[in-house]
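Since the structure comes first, as structure tokens, the remarks are kept for the end.
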Amino acid sequence: MTENSYTPPKVWTWNQDKNTNRFSNINRPIAGATHEKELPVGKHPFQLYSLATPNGVKVTVMLEELLEAGHKGAEYDAWLINIGEGQQFGSGFVSVNPNSKIPALLDRSTNPATRIFESGAILLYLSEKFGGAFVPKDMSKRAECYSWLMWQMGSAPYLGGGFGHFYAYAPVKIEYAIDRFAMEVKRQMDVLDRQLAENRFIAGDEYTVADMAIWPWYGALAKGVLYEAAEFLSVHEYKHVNRWADEIAERPAVKRGRMVNRTWGDPSSQLPERHDASDFDKVGK
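If you want it as structure tokens, here you go:
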């Protein structure tokens, strides 16, 4: 079958045996739980159920930044959700996030407990919970922060589900699809590079939730971490994004946050579960 030979049928049907890839065993066209499984609960107000993908790192960085800033009420338990094994389809997880995607957060300091899902919503919830932390007080600056936060949520699917899927994971290499999404990702990187040419951080001179949301995706891309595509996309060209990515990476809270719920890479970078600040002292030992 050639790249251009497919004709869509009048009615799509799910063929589980077609176009298999690393996610085939968990992708499906319906929602809801596939099995009964209660979620573990720890001792802290916040219970995070996640994995150290870019979307998961956003939240662990935010929680660690809150703790770094002295917000003791931000203590949390981080439980590993192995999406490759379909743990996001357990009944307990689905009750916290009906969309079956990580991360999902349960705030047990409220009665009843409050569930928050979608990483952007979690960032804003935590900011509001702690007096507007990491969001500018000035209305105009706050609007800029929110705009870039929403930019990330609208743009990253083209990077991950678009470029990342067709470049790294699709069972066949389709030139049209790779070219289409590579062009869009490079346009997005140029958008960021132009913004960061005139600003220290994404939304201005202040480090905000916008940086926390964008860095795990586009910072990782700039440093050659995502999809092994650094050379293909010539990410070295985006010097302002690289400068910003390096600065963010040096923040102590970011160094900790990127380790939480991580189960791959160098053992010194992995902390599959986090239940206490002292857990970081045990990494790699």
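The sequence shown: position 30 = 671 (the working numbering), numbered continuously. Backbone N, C-alpha and C define an ideal beta-carbon position, used for all residues, glycine too.
Cut-off 6 Å between Cβ atoms - residues of its own chain near residue i, not counting five sequence neighbours on either side
i	result
Pro681	Trp720
Gln793	Ala854, Ile855
Ile667	Gly727
Pro670	Trp655
Gln657	none
Glu759	none
Ile819	Phe807, Tyr808
Within 8 Å, strictly: CB atoms of residue i and residue j
i	j	result
Leu767	Leu707	yes
Leu704	Gly898	yes
Pro908	Thr849	no
Glu624	Ala894	This structure cannot settle anything about residue 624, because the visible part of the chain is limited to 642 through 926.
Gly725	Ala674	no
Tyr879	Met830	yes
Gly714	Lys678	no
Val876	Asp834	no
Phe842	Asp748	no
Same chain, Cβ closer than 7 Å to residue i, five either side skipped, listed in chain order
i	result
Phe822	Tyr799, Gly803, Phe804, Phe807
Leu912	Met900, Val901, Arg903, Asp920, Phe921, Val924
Ala886	Trp856, Gly860, Ala863, Lys864
Ile722	Tyr690, Ser691, Leu692, Gln728, Gln729, Phe734, Ile743
Ser910	Met900, Arg903
Glu914	Ala719, Trp720, Leu721
Close Cβ partners of residue i (< 8 Å) along its chain, the five nearest in sequence each way excluded
i	result
Lys684	Asp718, His916
Met853	Lys699, Val702, Met703, Glu706, Leu764, Phe775
Gly783	Before going on, a small fix: residue 783 reads as Arg here, not Gly. Counting only Cβ-Cβ distances below 8 Å, and skipping sequence neighbours, we find Val776, Pro777.
Phe873	Tyr808, Ala823
Lys896	Ala890
Proximity test, Cβ basis, 8 Å: residue i and chain B
i	result
Met824	Given the protein chain composition of this structure (a single chain), no chain B is represented.
Residue from the options with nearest C-alpha to residue i
i	options	result
Leu765	Trp789, Gly673, Gln729, Ala754	Trp789
Ala859	Glu878, Ala797, Phe842, Lys814	The question names Ala, yet the displayed sequence has Tyr at residue 859. The shortest Cα separation from Tyr859 among Glu878, Ala797, Phe842, Lys814 belongs to Ala797.
Pro739	Val652, Gly761, Gly906, Ile757	Ile757
His712	Gly761, Gly772, Asp846, Glu839	Gly772
Ser741	Asn752, Gly795, His676	His676
Gly761	Ala871, Gly795, Pro649, Val737	Gly795
Ala672	Val735, Ile722, Ala851	Val735
Ala851	Met791, Asn752, Lys651, Glu839	Met791
Ser646	Ile819, Ile815, Asn752	Ile815
Glu847	Lys651, Glu888, Thr648, Asn752	Glu888
With 16 other Cβ atoms within 10 Å as the buried cut-off, status of residue i
i	result
Thr904	exposed
Asn696	buried
Met780	exposed
Val826	buried
Ala693	buried
Ser750	exposed
Met642	Its pLDDT being 42, under 50, Met642 is placed unreliably by the model, and the measurement read from it follows with that caveat. When all chains shown are included, Met642 counts as exposed.
Glu891	exposed
Glu785	buried
Pro744	buried
Trp653	exposed
Tyr690	buried
Lys770	buried
Ala870	buried
Ala844	buried
Ala754	exposed
Glu839	exposed
Gly906	exposed
Any non-hydrogen atom of the ligand COA within 7 Å of residue i CB
i	result
Lys713	In the structure shown, the ligand COA is absent, as is every other ligand, since no ligand is present at all.
Exercise. Which ranges would you report for the alpha helix (DSSP H) in the region 741 to 814 if only whole runs of at least 4 residues count?
Worked result: 760 to 770, 780 to 798
For this session: Write down every uninterrupted run of the alpha helix (DSSP H) in the region 694 to 722 whose length is 4 residues or greater and which is fully enclosed by it, in chain order.
Result: 695 to 709, all fully within the region 694 to 722.
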